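First up is the structure itself, then whatever we jot down about it.
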Amino acid sequence: MEKFIIHGGHPLEGVVTVSGCKNSAVGIIPATVLVNGPCILDNVPEISDVFLLFDILRSFGAEVTRLEKSTYRINCASLKAPIVADQPAVRKMRASYYLIGALLGRFGKAKVGLPGGCDFGSRPIDQHIKGFESMGAKVTVDLDECNVVAESDGLKPASVYFDIVSVGATINVMLAAVGVPGRVTIENAAKEPHIVDIANFLNAMGADIKGAGTNVIRVNGGRELRGGRYEVLPDQIEAGTYMVAAAVAGGRVEVRNVIPKHMESISAKLEEAGIGIEELDDSIIVTRFDRPSRINIKTQPYPGFPTDMQPQFATMLTTSAGTSVITEGIYNQRFRYAAELRKMGAKIEVDGNVCVIDGVDQLKGAKVRACDLRAGVSMVLAGLAAEGTTEVLDIHHIERGYEGLVDKLRALGADIDKVDDGVPASYSPEISQ
Ligand code: EPU
590 MEKFIIHGGH
600 PLEGVVTVSG
610 CKNSAVGIIP
620 ATVLVNGPCI
630 LDNVPEISDV
640 FLLFDILRSF
650 GAEVTRLEKS
660 TYRINCASLK
670 APIVADQPAV
680 RKMRASYYLI
690 GALLGRFGKA
700 KVGLPGGCDF
710 GSRPIDQHIK
720 GFESMGAKVT
730 VDLDECNVVA
740 ESDGLKPASV
750 YFDIVSVGAT
760 INVMLAAVGV
770 PGRVTIENAA
780 KEPHIVDIAN
790 FLNAMGADIK
800 GAGTNVIRVN
810 GGRELRGGRY
820 EVLPDQIEAG
830 TYMVAAAVAG
840 GRVEVRNVIP
850 KHMESISAKL
860 EEAGIGIEEL
870 DDSIIVTRFD
880 RPSRINIKTQ
890 PYPGFPTDMQ
900 PQFATMLTTS
910 AGTSVITEGI
920 YNQRFRYAAE
930 LRKMGAKIEV
940 DGNVCVIDGV
950 DQLKGAKVRA
960 CDLRAGVSMV
970 LAGLAAEGTT
980 EVLDIHHIER
990 GYEGLVDKLR
1000 ALGADIDKVD
1010 DGVPASYSPE
1020 ISQ
């Protein structure tokens, strides 16, 4: 079993360069299905979720070639219907559901395995389905076969109003809408930077999408997308994770290849906690002068504070001065990692969507589990600050979303190693976020 071993207590110093945005890449790669020609993508994060998507596209008959580090050429021109996306890789990751929108937009029909088995309870896709149906698709969810079939005799112009703000539904409906001969208006759309990035990618390939980044997106579909070159946006959450790493472990870190505007809610909360933030053109310097102060946080859709930074901040606040309250506004169960932090001496209590943290002087090393991607990286951050040795298990969750984490942290002075103790990993039912 592969795991991280961290000897804590080393402040971080130096420069770290952020990779391409995972949540953009996992939308853009399925979006290449809509393009009738070669797409060259730069700044692609080399993470396991991206490699899974490449495997899925290759199984459809697409050409995927690595031109150089982080640069790939994808050509889906030769794809032919019907395409069934039900490989094991599809069920391992959440973002494979973007294949529904992309295949529907290109061929008017999609059959795609449900992500992570049939768990419709906690993270439903009803808004995606509502959007596809508004465009005239008939959508059937087969819980026995664990797949979604969306089919149409021709998608039609529509106005789609989402009942809740959903990143995934906004992207998925935008993808299908590219194949509609006419206008699709998406109202109450999510506004995250990666939604703008995916729209920019599609526009660079020949689409006509306006309003991404606001809550009304207009897609004038039916144009042929012919290919081109596009650079994936830097990863807001990876950048935020290294900013918090400096705040947790101490030291001074320049986080490069960021768009400071996208970091505003994260920078503001770090400053509120007394952490030094200096914004340059495409980098942010983070300095820890003192123990962080207590703060309260509520997660919200962009431009609010991101849920994907919630576990990292919780970890920082375990050693802050005073009591902090975090309210999770997006998911019902995103505090599962609290039990792991308690093993390290944290005082953290969870009641529903609220978590209360009483800062302690010092965390202590322990054997902890990565419950999911962001919770997992937060265990690494905790290990950097802890006294003694921390072992982080189930690191495949972390490797889904952080390129070169060990190398990047070691370059900053952290004492972290990835080891394989030869013990098989236990079965882990969690799916990619
Ligand atoms: N929701 C519904 N119905 C739907 C869709 C969503 O009820 O049809 C609910 C969800 O259950 C959740 C809320 O709406 O409570 C927001 O979900 P959203 O659809 O916005 O999330 P997502 O698209 O499933 C993406 C990211 C997540 C990130 C969220 C929120 C990808 C692949 N995943 O998920 O990323 O937390 O947006 O910003 O883009 C991560 O990177 O660690 C991660 C979890």
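The sequence shown begins at 590 in my numbering and counts up by one.
Heads up, the beta-carbon is just placed ideally off N, CA and C, and yes, glycines get one too.
Being a predicted model, the structure only gives us computed values, none of them experimental.
Assigned exposure category for Ile672 - 16 Cβ within 10 Å defines buried: Buried, because 16 or more other Cβ atoms sit within 10 Å of the Cβ of Ile672.
task: In the DSSP assignment, find the alpha helix (DSSP H) that holds His596 and state where it starts and stops.
output: Counting along the chain, His596 falls outside any alpha helix (DSSP H), though it belongs to the beta strand (DSSP E) covering 591-596.
- prompt: Among Ser613, Ala927, Val653, which one has its Cα closest to the Cα of Gly965?
  reply: Of Ser613, Ala927, Val653, the smallest CA-CA separation from Gly965 is found for Ala927.
task: Provide the residue span of the beta strand (DSSP E) that contains Thr621, from first to last.
output: Taken as a continuous stretch (DSSP letters only), Thr621 belongs to no beta strand (DSSP E), as it is neither H nor E.
query: Apart from the five residues just before and just after Arg647, which ones in its own chain have a Cβ nearer than 6 Å to its Cβ?
result: Excluding sequence neighbours, Arg647 sits near Val653.
field: Residue interval of the beta strand (DSSP E) (run including Glu867)
entry: Start and end: 865-868.
task: Can you grab the Cα-Cα spacing for the pair Glu734 / Ile884, in whole Å?
output: If you draw a straight line from the Cα of Glu734 to the Cα of Ile884, it comes to about 47 Å.
- request: For Lys953, I'd like the list of residues in its chain whose CB is within less than 8 Å of its CB, leaving aside the five on either flank, ordered along the chain.
  value: The residues Met933, Gly934, Ala975, Glu976, Gly977, in chain order, have a CB closer than 8 Å to that of Lys953 in the same chain once the five nearest residues on each side in sequence are set aside.
- request: Compute the minimum distance between the beta carbon of Leu962 and the heavy atoms of ligand 1, and state whether it is under 8 Å.
  value: Checking every heavy atom of ligand 1 against the Cβ of Leu962, one is found closer than 8 Å.
- prompt: Is the closest heavy atom of ligand 1 to the C-beta of Thr916 under 8 Å?
  reply: No, Cβ of Thr916 sits at least 8 Å from all heavy atoms of ligand 1.
- request: State the start and end residues of the unbroken alpha helix (DSSP H) segment that holds Arg662.
  value: That residue, Arg662, is in no alpha helix (DSSP H); its beta strand (DSSP E) goes 660-664.
message: Going residue by residue through the segment 816-868, where are the continuous alpha helix (DSSP H) segments of at least 4 residues, counting only ones entirely within it?
response: 825-838, 853-861, all fully within the segment 816-868.
- request: Since I believe Ile663 is in contact with Ile618 (beta carbons under 8 Å), could you give me their beta-carbon distance rounded to a whole number of angstroms?
  value: The Cβ separation is near 7 Å, so the contact holds.
- request: Could you check what DSSP says for Asp1006 in three-state terms: helix, strand or coil?
  value: Correct three-state label for Asp1006: strand.
Spatial distance of Ala739 from Val730 (CA atoms): Spanning the two alpha carbons is a distance of roughly 9 Å.
message: Taking the straight line between their C-alpha atoms, what separation do you get for Phe649 and Phe894?
response: Cα to Cα, the separation comes out at about 38 Å.
query: What span of residues does the beta strand (DSSP E) with Ala739 cover, start to end?
result: Residue range 736-740 is occupied by the beta strand (DSSP E) that includes Ala739.
- prompt: Does DSSP put Thr908 in a helix, in a strand, or in coil?
  reply: In the structure shown, Thr908 sits in coil (DSSP, three-state: anything other than H, G, I, E or B).
query: Asn921: beta carbon under 8 Å from a heavy atom of ligand 1?
result: Checking every heavy atom of ligand 1 against the Cβ of Asn921, one is found closer than 8 Å.
- prompt: If we ignore side chains and look at the alpha-carbon of each, how far apart do Leu970 and Phe902 end up?
  reply: Spanning the alpha carbons of Leu970 and Phe902 requires a straight line of approximately 10 Å.
field: 4 or more residues per run - each alpha helix (DSSP H) lying fully within the segment 728-794
entry: Counting whole runs of 4 or more residues, the segment 728-794 contains the alpha helix (DSSP H) stretches 756-766, 782-794.
query: Can you name, in chain order, every residue of its own chain whose Cβ lies under 8 Å from the Cβ of Lys1043, other than the five neighbours on each side?
result: Since the first residue shown for the chain is 590 and the last is 1022, residue 1043 is missing from the structure and cannot be characterised.
- prompt: Are the segment 608-626 and the segment 814-824 in contact at 8 Å, needing three or more beta carbon pairs?
  reply: The segment 608-626, when compared against the segment 814-824, does touch it at the 8 Å Cβ threshold.
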